[in-house]
Amino acid sequence: MEAIIGRHLSKDECVHHIDKNRANNKKENLILMTKSEHMSFHAKERHQQRRNDLSIQ
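Position 37 of the sequence shown, counting from 1, maps to 37 under the UniProt record's numbering, and the rest follow consecutively.
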């Protein structure tokens, strides 16, 4: 990601791997996010998964 954006990541930034495979560092698989955005993204994802699990029961 640093090569793509041409700078080092700040302490508040992280890289999200769209396909959840940390070894897949292709440009199209990466999204630069703040750590807050990243935590929120995964919290929403977990919430949706729980809702889906409950609807199956």
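C-beta: ideal position from N, C-alpha, C; glycine also.
Out of the options, point me to the one whose CA is closest to residue i's CA.
i	options	result
residue 5	31, 40, 37 and 55	31
residue 41	12, 11, 16 and 1	16
residue 12	39, 25 and 20	39
residue 34	1, 2, 55 and 14	14
Which residues does DSSP list as the beta-bridge partners of residue i?
i	result
residue 31	16
Take residue i and list the residues in its own chain whose beta-carbon comes closer than 6 Å to its own, dropping the five residues that flank it on each side.
i	result
residue 19	29
residue 8	2
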